[in-house]
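For reference, the structure is listed below as structure tokens.
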Amino acid sequence: MLEGGVFYFRVTGENDYGVGVSAETKDGTKITEKPSPPPKLGATDVTKESVALAWAKPDHDGGSRITGYLLEALEKGQEKWVKCGVTKSVHFTVCGLRENAEYFFRVRAENHAGFSDIKEMLTPVLLKDQLESPEMNMNDFPHNTVYVRAGSNLKCEIPLTGRPLPKVSLSKDNVLLKSTMRFNSEVTPDSIKVTLRESIAGDSGRYDIIASNSNGTTTSFLNIVVLDRPSAPIGPVQMLDITEDSVSLEWLPPAYEGGSPITNYVILKKEVTSANWVEVSSAVARCTMKIMKLTTGLAYQFRVRAENKYGVSEHIDSETVAVNLPYTVPEAPSTPEITAVTKETVTVAWNEPKSDGGSHVFGYHLQMKDRNSILWQKVNKMVIRAAHYKVTDISAGLIYEFKVAAENAAGNSPFSEVSDAVLAIDACEPPISLRISDITKHSISLAWHKPNYDGGSSINGYVIEKKEGANARWSKANLTNVTDTRYTVTGLTQDETYEFRVMAKNAVGSVSNPSTVVGPATCVDTYGAPEIEIPQEYFSEVKYRAESSVELTFNIIAKPAPTIEWFKDGRELAPTSQLAFKHTFESTSLFLNDTTRLNSGTYEVRVKNSMGSASAIVRLLIQDKPGPPRWRDRV
Numbered sequence: 002m003l004e005g006g007v008f009y010f011r012v013t014g015e016n017d018y019g020v021g022v023s024a025e026t027k028d029g030t031k032i033t034e035k036p037s038p039p040p041k042l043g044a045t046d047v048t049k050e051s052v053a054l055a056w057a058k059p060d061h062d063g064g065s066r067i068t069g070y071l072l073e074a075l076e077k078g079q080e081k082w083v084k085c086g087v088t089k090s091v092h093f094t095v096c097g098l099r100e101n102a103e104y105f106f107r108v109r110a111e112n113h114a115g116f117s118d119i120k121e122m123l124t125p126v127l128l129k130d131q132l133e134s135p136e137m138n139m140n141d142f143p144h145n146t147v148y149v150r151a152g153s154n155l156k157c158e159i160p161l162t163g164r165p166l167p168k169v170s171l172s173k174d175n176v177l178l179k180s181t182m183r184f185n186s187e188v189t190p191d192s193i194k195v196t197l198r199e200s201i202a203g204d205s206g207r208y209d210i211i212a213s214n215s216n217g218t219t220t221s222f223l224n225i226v227v228l229d230r231p232s233a234p235i236g237p238v239q240m241l242d243i244t245e246d247s248v249s250l251e252w253l254p255p256a257y258e259g260g261s262p263i264t265n266y267v268i269l270k271k272e273v274t275s276a277n278w279v280e281v282s283s284a285v286a287r288c289t290m291k292i293m294k295l296t297t298g299l300a301y302q303f304r305v306r307a308e309n310k311y312g313v314s315e316h317i318d319s320e321t322v323a324v325n326l327p328y329t330v331p332e333a334p335s336t337p338e339i340t341a342v343t344k345e346t347v348t349v350a351w352n353e354p355k356s357d358g359g360s361h362v363f364g365y366h367l368q369m370k371d372r373n374s375i376l377w378q379k380v381n382k383m384v385i386r387a388a389h390y391k392v393t394d395i396s397a398g399l400i401y402e403f404k405v406a407a408e409n410a411a412g413n414s415p416f417s418e419v420s421d422a423v424l425a426i427d428a429c430e431p432p433i434s435l436r437i438s439d440i441t442k443h444s445i446s447l448a449w450h451k452p453n454y455d456g457g458s459s460i461n462g463y464v465i466e467k468k469e470g471a472n473a474r475w476s477k478a479n480l481t482n483v484t485d486t487r488y489t490v491t492g493l494t495q496d497e498t499y500e501f502r503v504m505a506k507n508a509v510g511s512v513s514n515p516s517t518v519v520g521p522a523t524c525v526d527t528y529g530a531p532e533i534e535i536p537q538e539y540f541s542e543v544k545y546r547a548e549s550s551v552e553l554t555f556n557i558i559a560k561p562a563p564t565i566e567w568f569k570d571g572r573e574l575a576p577t578s579q580l581a582f583k584h585t586f587e588s589t590s591l592f593l594n595d596t597t598r599l600n601s602g603t604y605e606v607r608v609k610n611s612m613g614s615a616s617a618i619v620r621l622l623i624q625d626k627p628g629p630p631r632w633r634d635r636v
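With my numbering as the guide, the letters of the sequence shown map in order to residues 2 to 636.
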């Protein structure tokens, strides 16, 4: 009979009288035999207590459908095979095995005819965990990103492998996340399951994932984007280019776009006196807009919203802004200063305003008055372009005061403070050779020479001014009139830096321009080797007529106090009826009376203290009438 065929059978009785009626089987009978054994058997996964087995279907099913497979196990060293499972599939996991033991496995296929021959593994399987580094498969998440609508739930499953089972941690913004009613992460043998309930915009962001076991560590991340309307634009709203009828606004995009690009911004405005907001535009594509056709003199407030395909954000409001001219009148210039005076002219100078009001200062207006009058008169007919002006409409002997205002496109500034009064006379020249002669931690000593020109009247005093630091203003340093050409400024601050200048006054009240500034000098106790200042005229031979008085003076700087010696042609000098010395902290002088040719020669001063020494020389020539002729001896 043909294997696999279905056959029907019948039986007919027969006796001496003949053949009877046949009886047939109701159901057909299929001709089958046992299947062939599975051709392959192997272990696909091994742990310390289980083995996952897989095999191939028999090449020949014996003419009948395979109904199942019988698996048996034999521990190495034992003799008895133990049934460990029956399955209809071609794979099976055998559990409950002993750790570190070795097992053989075999499988048999079964059909209606019975079991096939055995397929047995030739080598045993050792029961222990197979170490495998963790690995996450993000292929199902393009750009490692998942999306969820605001208010909806998110469930995602990230494939995970690794043995032993990895430990997994999630963090957001460097903060380790714990499971809550809304957020939960679960680790299974083959995946990480992340669940987020009722998502909100704040759930958006990068979630860092770390999976680790004893065989290694791997990291990845998951971007969760909550699809929602954007957050409010970032303020403050900047208001630029304010004119009499327009304002330019600028702002920054929202920190959170809602998972969808910003399509436009909605701008509204309202007058401060009104409660109603009026839409200006809902089609603004960039973070800037110039709002036109505003009413001059009114104050406005502006509101900005962002919009994407999921909705419109909350708003941000600007500060209140008044729509006026974009500039104001400037501040007043500085107090005018008198820079030059004669009996016919006064030159006045000032500094430009600290603020120009937003518009360039293009000129100045100067006024003056007699100190004894209350009426101010305009000095200039045309606007003054420079920050100084020479006033010529002056009457000699009168005392004048000045003030000045600046002008820009918005108009004239307030007038400055009134200048110091100035007497219209020929002024004396400033003092010369101003120098610092000594410094302590609370004082600085100054010395100078008289002006070369006294303005036609004798000098009767000096005004000393100081300036503390680089940006300070000049202030008076002497409270009483100084008649000498030296002065010590006291009450100074230790370690502070100062500058100084001196002005001369003559008997008719004329005050000179300031001298050359000396400094900056720092108030500290200074010690050092002596220094000698040699006058310019001493660099060449100094000449005097016979019988005249001679004074030779050198300025010195020396601290601690020095010893001073004078020499002539290498020989030390001592006081006599004709010769005298004068020593001060700042200078040393030699005086000669009734000079003769014998006083001609090279004079040297030597200055010495504990820190060092210095010297200087001057050649003196006394010019006299010639002596009597001498007769030549006859030969």
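C-beta atoms are modelled at their ideal positions from N, C-alpha and C, and glycine is treated no differently.
Rounded to the nearest whole angstrom, the CA to CA distance from PRO415 to ILE243 is 24 Å.
Cα atoms of PHE540 and VAL349: separation of roughly 40 Å, rounded to the nearest angstrom.
Assignment of ARG198 by DSSP, reduced to helix, strand and coil, places it in the coil class. Around the C-beta of LYS391, fewer than 16 other C-beta atoms lie within 10 Å, and the residue is accordingly described as exposed. Fewer than three pairs of CB atoms, one per stretch, sit closer than 8 Å, so the segment 378-394 makes no contact with the segment 431-443. Annotation: SER360 to GLU245 spans about 14 Å, alpha carbon to alpha carbon. Pairwise C-beta distances place the segment 595-604 in contact with the segment 533-553, as three or more of them are shorter than 8 Å.
Straight through space, the alpha carbons of ALA530 and ARG620 are spaced by roughly 25 Å.
In the DSSP annotation of this structure, the continuous segment of the beta strand (DSSP E) that includes PRO135 starts and ends at 133-137. Counting the other Cβ atoms within 10 Å of the Cβ of GLY298 gives fewer than 16, which makes it exposed. Relative to the Cα of GLU402, the nearest Cα in the group LEU424, THR162 and ALA411 belongs to LEU424.
In the displayed model, ARG304 falls within a strand according to three-state DSSP.
Put simply, the segment 148-160 does not touch the segment 72-79. Fewer than three CB pairs are less than 8 Å apart.
At a Cβ-Cβ threshold of 8 Å, VAL405 and PRO354 do not count as neighbours. A check of alpha carbon separations from TYR311 across ILE426, ALA323, ASP318 and ARG150 identifies ARG150 as the nearest.
When the alpha-carbon of ALA478 is set against those of LEU127, ARG502, CYS288 and THR340, the nearest one is in ARG502. Taking the Cα positions, LEU376 is about 16 Å away from HIS366. Listed in chain order, the non-local C-beta contacts of ILE201 below 7 Å within the same chain comprise ALA151 and VAL227, local neighbours out to five positions each way being set aside. By the C-beta density criterion, MET137 is buried, having at least 16 other C-beta atoms within 10 angstroms. Using a Cβ-Cβ distance cut-off of 8 Å, the segment 303-323 and the segment 258-275 are in contact, since at least three pairs of beta carbons, one from each stretch, lie closer than that value. Residue pairing from DSSP places SER282 in a beta bridge opposite ILE268.
For LEU178, same chain residues with a beta-carbon under 7 Å away, outside a window of 5 residues either side, are LEU171, SER172 and PHE184 in chain order. In this structure, the alpha-carbon of VAL52 lies about 15 Å from that of VAL83. Residue environment analysis places MET612 among the exposed positions, since fewer than 16 neighbouring C-beta atoms fall within 10 angstroms of its C-beta. Annotation: GLN302 to SER275 spans about 10 Å, alpha carbon to alpha carbon. With contact defined as three or more Cβ pairs closer than 8 Å, the segment 287-294 and the segment 313-325 are not in contact. Runs of the beta strand (DSSP E) lying entirely within the segment 525-573, each at least 3 residues long, are 529-534, 543-546, 551-560 and 564-569 in chain order.
THR218 and LYS271 have their C-alpha atoms spaced approximately 59 Å apart. Nearest to CYS96 by C-alpha distance, out of GLY115, ASP118, LEU72 and LYS89, is LEU72. By the criterion of a C-beta distance shorter than 7 Å, SER37 is surrounded in its chain by PRO59, ASP60, HIS61 and SER117, once the five residues flanking it on both sides are discounted. The distance from the Cβ of PRO125 to that of TYR104 is about 6 Å, consistent with a contact at the 8 Å cut-off.
Residues ALA530, PRO531, GLU532, ILE533 and VAL608 of the same chain have their beta carbon placed closer than 7 Å to that of ALA615, with the five preceding and five following residues left out of the count. Between TRP351 and PRO334, the CB-CB gap stays under 8 Å. Of the other Cβ atoms in all chains shown, fewer than 16 fall within 10 Å of the Cβ of GLN495; this residue is therefore exposed.
Annotation: PHE142 is outside any beta strand (DSSP E) and is labelled neither H nor E by DSSP. VAL519 counts as buried, since no fewer than 16 other beta carbons sit within 10 angstroms of its beta carbon.
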